[in-house]
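Here is the structure we will look at, set down as structure tokens.
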Amino acid sequence: MSAKSSPKSSPMTTQAAARIQSSTAKGGGGQVKAGSFAARAQSAATTNQGKAAGSK
């Protein structure tokens with residue numbers, strides 16, 4: 035039996051999170067709800083940015 039290989043994931047960037055948040059806000063009357071995918075994406079991007087800065 036062979037193990038399924040999943041595509042390699044890439045970390046969430048601030049640019050990608052901004053695009054997601056912008057699209058969500060446009061569809062939601064300018065609002066992005068707490069806990070939404072857009073909010074979680076922004077949080078992940080901020081976390082990833084901090085990890086990258088700490089690895090220098």
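Take any residue in the sequence shown, count from 1 to its spot, add 34: that is its number in the numbering used here. Glycine included, every Cβ here is placed at the ideal spot set by N, Cα and C.
Alpha-carbon to alpha-carbon, residue j and residue i
| i | j | result |
| --- | --- | --- |
| A59 | A75 | 13 Å |
| K67 | A73 | 7 Å |
| A78 | K42 | 17 Å |
| A52 | G88 | 22 Å |
| S56 | P45 | 19 Å |
| G61 | Q83 | 27 Å |
| G63 | S70 | 14 Å |
| A50 | Q65 | 18 Å |
Any non-hydrogen atom of the ligand FMN closer than 7 Å to residue i Cβ
| i | result |
| --- | --- |
| A87 | The ligand FMN is absent from the structure shown, which contains no ligand whatsoever. |
Buried/exposed call for residue i, threshold 16 Cβ in 10 Å
| i | result |
| --- | --- |
| A86 | exposed |
Proximity winner among the options, relative to residue i (alpha-carbon distances)
| i | options | result |
| --- | --- | --- |
| T80 | T48, K42 and P41 | T48 |
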